[in-house]
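Our numbering puts the sequence shown at residues 76 to 299. Just so you know, even glycine gets a beta-carbon here, dropped at the ideal spot from N, CA and C. Source: prediction; values computed, not measured. See below for the structure under consideration.
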Amino acid sequence: MTTPPTPIIPDLPRPALTADRLAGRTVDLERLDLDRHAAGLWQAIGRHDTLWDHIPGGPFAEPEIFTQWLRDRIPRPGQSIYVVMDKTGAAPAPAGLLLLLNANPDMGTVEMGLVYGAALSRKVTGTEGVFRLIDYALGQSGYRRLEWRCGPPNVASVKAALRYGFTHEGLLRQTLWMKGRNWDSNVFSILDSEWPMRRQRLAAWLAPDNFTSDGSQIKALGEF
Numbered sequence: 076m077t078t079p080p081t082p083i084i085p086d087l088p089r090p091a092l093t094a095d096r097l098a099g100r101t102v103d104l105e106r107l108d109l110d111r112h113a114a115g116l117w118q119a120i121g122r123h124d125t126l127w128d129h130i131p132g133g134p135f136a137e138p139e140i141f142t143q144w145l146r147d148r149i150p151r152p153g154q155s156i157y158v159v160m161d162k163t164g165a166a167p168a169p170a171g172l173l174l175l176l177n178a179n180p181d182m183g184t185v186e187m188g189l190v191y192g193a194a195l196s197r198k199v200t201g202t203e204g205v206f207r208l209i210d211y212a213l214g215q216s217g218y219r220r221l222e223w224r225c226g227p228p229n230v231a232s233v234k235a236a237l238r239y240g241f242t243h244e245g246l247l248r249q250t251l252w253m254k255g256r257n258w259d260s261n262v263f264s265i266l267d268s269e270w271p272m273r274r275q276r277l278a279a280w281l282a283p284d285n286f287t288s289d290g291s292q293i294k295a296l297g298e299f
């Protein structure tokens with residue numbers, strides 16, 4: 076009879092995910108501050124109705140409603156909201172949101188979400204933002220599991236999850252009723268044991284020497 080392997084006992088609980096700033100080359104992630112970020116976020120994502128088609132929040136008729144939506148989320152337990160500050164222009168500017176949701180330090184699990192504007196979508200800035208957040212959760216903070224959830228109609232989000240190295244685990248049916256319809260949820264994940272190899276791949280693509288002087292990639296992520 077084969078003896079089953081001895082499980083590796085995880086170091087639990089993990090610390091709360093409360094970093095104020097995660098610095099990068101093309102973007103920084105800053106904890107949401109309404110006075111500093113709300114106006115810029117309205118311009119980048121809040122006023123663009125189509126960005127909210129597959130997200131439970133929005134669309135927003137005016138900036139005050141959008142700001143209140145942000146304000147309501149700041150105190151929620153197990154949640155950290157980061158503003159992606161695009162540093163590729165004349166001055167850093169809010170360009171989107173990255174969220175850590177449903178954090179359970181006792182089990183070392185957390186979920187991530189995002190809302191990206193035009194300055195981040197299909198750009199190195201967007202990829203670096205996701206990279207910094209994953210590395211903070213699984214690398215620096217030692218969480219054991221990071222989830223990504225999105226509905227089947229959100230094809231761009233499905234493709235992004237796979238591109239970043241998440242594994243598709245399955246479909247949860249009728250998880251929400253919002254905006255007059257049922258919402259199903261695709262569930263993706265990265266585990267702590269998987270992150271070092273995925274990190275190496277993303278870091279190689281993000282390296283400055285993989286881009287020309289005008290910002291064009293030399294090798295696509297799929298080539299790494």
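Cα separation between residue i and residue j?
i	j	result
residue 264	residue 147	27 Å
residue 251	residue 149	22 Å
residue 85	residue 237	26 Å
residue 139	residue 80	56 Å
residue 245	residue 209	21 Å
residue 190	residue 89	26 Å
residue 239	residue 280	11 Å
residue 91	residue 152	11 Å
residue 132	residue 78	50 Å
residue 174	residue 107	10 Å
residue 275	residue 164	27 Å
residue 21	residue 260	As displayed, the chain neither begins before 76 nor continues past 299, which places residue 21 out of reach and without an answer.
Give the range of the beta strand (DSSP E) segment to which residue i is assigned.
i	result
residue 155	155-161
residue 182	No beta strand (DSSP E) holds residue 182; DSSP gives it neither H nor E.
residue 280	Note, residue 280: premise wrong, no beta strand (DSSP E); alpha helix (DSSP H) at 270-281.
residue 125	No beta strand (DSSP E) holds residue 125; DSSP gives it neither H nor E.
residue 241	Segment: none, residue 241 is in no beta strand (DSSP E) and carries neither H nor E.
How is residue i classed by DSSP in three states: helix, strand or coil?
i	result
residue 137	coil
residue 142	helix
residue 81	coil
residue 217	coil
residue 195	coil
residue 148	helix
residue 168	strand
residue 87	coil
residue 108	coil
residue 94	coil
residue 259	strand
residue 289	coil
residue 103	strand
Would you mind reading off the limits of the alpha helix (DSSP H) that contains residue i?
i	result
residue 203	199-209
residue 232	230-238
residue 118	Taken as a continuous stretch (DSSP letters only), residue 118 belongs to no alpha helix (DSSP H), as it is neither H nor E.
Mind reading off the beta-carbon distance from residue i to residue j? Whole number of angstroms is fine, and I expect it under 8 Å.
i	j	result
residue 170	residue 194	4 Å
residue 183	residue 207	In fact, because the Cβ distance is near 19 Å, the residues do not count as touching under 8 Å.
residue 94	residue 211	6 Å
residue 267	residue 217	7 Å
residue 204	residue 159	4 Å
Are residue i and residue j touching if we call contact CB-CB under 8 Å?
i	j	result
residue 224	residue 262	yes
residue 105	residue 157	yes
residue 181	residue 102	no
residue 228	residue 129	yes
residue 199	residue 286	yes
residue 115	residue 168	yes
residue 120	residue 188	no
residue 145	residue 113	yes
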